[in-house]
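First residue of the sequence shown: 7, per this note's numbering; consecutive thereafter. Encoded as structure tokens, the structure appears first; notes follow it.
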Amino acid sequence: MRRIASQRFMWNPSGSRTVIAVRAEPPGWMSSAAGDTARWRAFEYRLAELLLERGEIDFARDRLTGILRADSRDLEALRLLARIEEDTERWDAALAVYRRLVKLEEGGRATAAALRLADMADKVGRDRKST
7 MRRIASQRFM WNPSGSRTVI AVRAEPPGWM SSAAGDTARW RAFEYRLAEL LLERGEIDFA
67 RDRLTGILRA DSRDLEALRL LARIEEDTER WDAALAVYRR LVKLEEGGRA TAAALRLADM
127 ADKVGRDRKS T
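Written out as structure tokens, the structure is:
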């Protein structure tokens, strides 16, 4: 029996429903072996991308958060999460993600993350002044 933390339906173009379930625990095929962890991470990241394409932003964010709980230094997950937070105009959240990225990125990507961080800080400041 599978434990499901939450459940949500999506309608397919054919008119049928598809269930997207957010699990409270990883599926049984995942173990702590390094290969399984990499496979789990790849699965979760791809699922986040697909959810994002379908407009399921909260579910995509949940998948990326799970990846980052397992490895807080996952650059690919942090980059996608930063993009999501920025696209949804959650400036405080984007600012926090870019702070993490600036510490982890190297070379030109570090510079780009620092510029995005400055932009997010500016937007957070403007939002606070207007309220």
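Note that CB positions come from ideal geometry on N, CA and C, so glycine has one too.
Task: Cβ neighbours of residue 91 in the same chain (closer than 7 Å, five flanking residues each side left out) - done: Along the sequence shown, one-based indexing puts residue 91 at 85. Closer than 7 Å at Cβ, skipping near neighbours: 99, 100, 103.
Task: Which listed residue (106, 94, 129) has its alpha carbon closest to that of residue 61 - done: By 1-based counting over the sequence shown, the position of residue 61 is 55. Residue 61 has its Cα closest to that of 94, out of 106, 94, 129.
TODO: To the nearest angstrom, report how far apart residue 126 and residue 114 are at their CA atoms.
DONE: The count along the sequence shown starts at 1 and reaches residue 126 at position 120. The count along the sequence shown starts at 1 and reaches residue 114 at position 108. Each residue's Cα considered, the two are about 18 Å apart.
Open item on the list: With H, G and I counted as helix, E and B as strand and the rest as coil, what does DSSP make of residue 131?
Closed with: Within the sequence shown, residue 131 is the residue found at index 125, counting from 1. Residue 131: helix per DSSP, three-state reduction.
Open item on the list: Since residue 107 and residue 88 should fall inside the 8 Å C-beta cutoff, what is the C-beta to C-beta distance between them, to a whole number of angstroms?
Closed with: Walking along the sequence shown from the start, residue 107 turns up at place 101. Walking along the sequence shown from the start, residue 88 turns up at place 82. The Cβ separation is near 6 Å, so the contact holds.
- [ ] List the whole-angstrom C-beta distance separating residue 73 from residue 55, where the pair is believed to meet the contact cut-off of C-beta under 8 Å.
- [x] Start at 1 with the first residue of the sequence shown, and residue 73 comes out as number 67. Start at 1 with the first residue of the sequence shown, and residue 55 comes out as number 49. No, residue 73 and residue 55 are not in contact; Cβ-Cβ is about 12 Å, not under 8 Å.
Open item on the list: Could you check whether residue 80 and residue 47 sit closer than 9 Å to each other, using their CB atoms as the reference points?
Closed with: The sequence position of residue 47 within the sequence shown is 41, counting from 1. The sequence position of residue 80 within the sequence shown is 74, counting from 1. Contact flag set, yes.
Open item on the list: Using a Cβ-Cβ cutoff of less than 6 Å, which residues in the same chain neighbour residue 66 once the five nearest sequence positions on both sides are dropped?
Closed with: Mapped onto the sequence shown, residue 66 falls at position 60. 54, 57, 58.
Open item on the list: Rounded to the nearest angstrom, what separates residue 52 and residue 134 at their Cα positions?
Closed with: Along the sequence shown, read from residue 1 onward, the residue named residue 52 stands at position 46. Along the sequence shown, read from residue 1 onward, the residue named residue 134 stands at position 128. Their backbone Cα atoms lie some 35 Å apart in a straight line.
Open item on the list: Below 8 Å on the Cβ atoms is my contact criterion, and I expect residue 111 with residue 119 to pass it. Report the Cβ-Cβ distance as a whole number of Å.
Closed with: In the sequence shown, residue 111 corresponds to position 105, counting from 1. In the sequence shown, residue 119 corresponds to position 113, counting from 1. The pair is a contact, with the Cβ atoms about 5 Å apart (cut-off 8 Å).
Open item on the list: Tell me which residues share the same chain as residue 122 and place their Cβ nearer than 6 Å to its Cβ, disregarding the 5 neighbours each side in the sequence.
Closed with: Counted from its first residue, the sequence shown places residue 122 at position 116. Cβ neighbours of residue 122 beyond the five flanking positions: 104.
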